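**Q** If you're matching them up, the sequences are chains A and B in order.
Number 54 in the working numbering belongs to position 54 of the first sequence; there are no gaps in the numbering.
Number 1164 in the working numbering belongs to position 164 of the second sequence; there are no gaps in the numbering.
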Amino acid sequence: MKQRSLFLFLALAASALLLQKPLPMHAAPNPPSEGDSLPEMRLPVPQKAEELDYLGISRKDFFTIPEVKAELVIVEVFSMYCPHCQKEAPAVNELYKMIEADQELKRRIKIIGIGAGNSTYEVETFKKHYSVPFPLVPDPDYKTHDAIGKVRTPHFLVVRLQADGSHKVIYSQAGGFGEPKEFLNLLLSKSKMK
Amino acid sequence: MMKMLIVLICAFAIIAADSTFAGNTSEGFKDSIFQTQNLKPIDSQSPIKIGDKAPDFTLPSIGGTQVSLGSYIGRKNVVLSFVPAAWTPVCSEQWPGYNILKDEFERLETVLLGITTDNIPTLFAWTEQMGGVWFPVLSDFWPHGAVSREYGILRSSGVSERALFLIDKRGIIRYMDIHDINERPSTEQLMKELAKLKE
C-alpha cells in the first residue's frame, strides 16, 4: 500500500513536470541540407503585435517555421556574442529592406532570426543595437540550435513553403551571404519564384 | 512495481536533462579556436566579498598604455571582466557581446576593463580576430597572474577564473560573479547591477 502511494506520488509529480515543460526537441547530428525537411523547431511567439502580424502567426504559445504565412522563409541563426553575426547584421537588414520595397516579394518572403544561446534580453540588445526590423526570437537553452544540428553562426536556412502545407530547405549555409541583391536573386532562382 | 519506478525515474532524468552546449558557435572562429574540455567549474577560493575595497593594480594594455584601477576612483564605476584565456571557446564569445553594449556602459558612467593572464601580443591578435573591442584589454601575464591572485581567482593551471567584479566610484566592490569557467556569465544580470548604481 505504501509502495502504491509512492508510485502514485511520483506519477503525479512527473505529470506536473511534463505539463510545465515542453517536451524536448530532438538533437540533430548535422544541419539540414538542401532538399531536406526542417527538423521540428518550436519557436517562442514574438511579443510585439506588428511582428506577429508580419509572420501571420495567430498562436499564442509557440510556432513553427512552416506556419509562417509566406512562400519563402529566410531563417538566420545568430548570437549576440558572435562578432561575425554582428558584422553581417547590416547586410541582413539590407536584404529585408529590398524585400519590403517590392510589393510582390514583401507578401511572399519573410525573415526571422533565432538567437542561439541568447535570452530575450540578449536578442533585444542585438535588435536595438543594429535596428533589426524583422522578428528575432530567443533560444536561451540552445534547444533549437541543437535541433538544427548545432549550426555555426551566422547560419542561413531558407525554407520553401508550398500551398499544400509541405516544405523543404532550399538553402543551408554557414557564414555571411555576400551581396544582399545577389543572395536574393539566388534564392528567387532556387525557389523558382522568379 | 519497482521496475516501473525505475523506468519512471529514468524518464524524469531524460526530461530534466537540458542542452548543455556552451561552446562558441561563430563560423568565423571555426578554425582558430582551441576546443577545451569541460573544466572544473571553479578552481580557487577568493577571500574578496561584496563591500570590500577593490585591490588597486596597474597593468599594461594592448593599446600600449599602463592602466590603473585607481585612476577611475571618483570618476567612473569599473567592471573588471576576467576571462581565462585567449583563443578559447567561451571567452571568444563573451567580450564581443559587451562590444554592442558600449552606449549602455557609457550611460551608466562605467568603464569596462578586460583582463586575462595572456601576454600582450596574444591578446592583440585575439581581439583583432574579434574585429576589435572598444574597452581596454589588460595583460596579467607578468608577474604571472599577480592581479588574478590578489583577487583570489587564479586557478591552479595559471589562468584566471571567468569572473566579473563591479566596483563603484568609491572603489568598493558592489557585485561579483566568479562564474563556472565553462559558461558565459549573465550579461543581463551584470547590466541590472550596473543600473542599480545609477539609482
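Each residue gets a CB set at the ideal place from its N, CA and C atoms; glycine is no exception.
A quick note: this is a predicted structure, and the numbers were derived from the prediction, not measured.
1. Can you give, in chain order, each stretch of the alpha helix (DSSP H) that sits fully within the region 58 to 142 of chain A and has at least 4 residues?
2. Using a beta-carbon distance below 8 angstroms, is A:Phe63 in contact with chain B?
3. For A:Glu134, collect the residues of the same chain with a Cβ closer than 6 angstroms to its Cβ; drop the 5 residues on either side in sequence, then sort them by chain order.
4. Is there a Cβ from chain B that is less than 8 angstroms from the Cβ of A:Lys69?
5. From the DSSP output, which residues share a beta bridge with B:Gln1066?
6. State the start and end residues of the unbroken beta strand (DSSP E) segment that holds B:Ser1148.
7. Determine, using beta carbons only, whether B:Thr1036 comes closer than 8 angstroms to chain A.
8. Closer than 8 angstroms between beta carbons: that is the criterion. Which residues of the region 107 to 121 of chain A meet it against chain B?
9. Residues of chain A with a CB under 8 angstroms from the CB of B:Pro1096: which are they?
10. For a quick check, are the C-beta atoms of B:Thr1187 and A:Glu122 less than 8 angstroms apart?
11. Excluding the 5 residues preceding and the 5 following B:Trp1095 in the sequence, name in chain order all residues of the same chain whose CB lies nearer than 6 angstroms to its CB.
12. Hey, how far is the Cα of A:Lys168 from the Cα of A:Ser37?
13. Starting from B:Met1130, find everything on chain A with Cβ-Cβ shorter than 8 angstroms and list it in chain order.
14. Please list the partners that A:Phe126 has in chain B, where partner means a Cβ-to-Cβ separation under 8 angstroms.
15. Looking at B:Ile1181: is its Cβ nearer than 8 angstroms to the Cβ of B:Pro1060?
16. In three-state terms, what does DSSP make of A:Pro32?
17. Answer with yes or no whether the minimum CB distance from A:His129 to chain B is below 8 angstroms.
18. Considering only C-alpha positions, which residue in the set B:Ser1157, B:Gly1152 and B:Cys1091 is nearest to B:Ala1054?
19. Evaluate B:Glu1093 with the Cβ neighbour count: other Cβ atoms within 10 Å of its Cβ, from every protein chain shown; 16 or more gives buried, anything less gives exposed.
**A** Let me lay it out:
1. 83 to 100, 103 to 108 and 120 to 130
2. no
3. Rather than Glu, the amino acid found at residue 134 of chain A in this sequence is Phe. Excluding positions up to five away in sequence, the list reads Tyr96 and Ile111.
4. no
5. Paired residue(s): B:Pro1060.
6. From DSSP, B:Ser1148 is part of no beta strand (DSSP E) but of the alpha helix (DSSP H) over Ala1146 to Glu1150.
7. no
8. Ala116, Gly117, Ser119 and Tyr121
9. Result: Tyr81, Cys82, Pro83 and Gln86.
10. With respect to A:Glu122, B:Thr1187 sits close: the two C-beta atoms are nearer than 8 angstroms.
11. Gly1114 and Val1133
12. 5 angstroms
13. Pro83
14. Ile1100
15. no
16. coil
17. yes
18. B:Gly1152
19. buried
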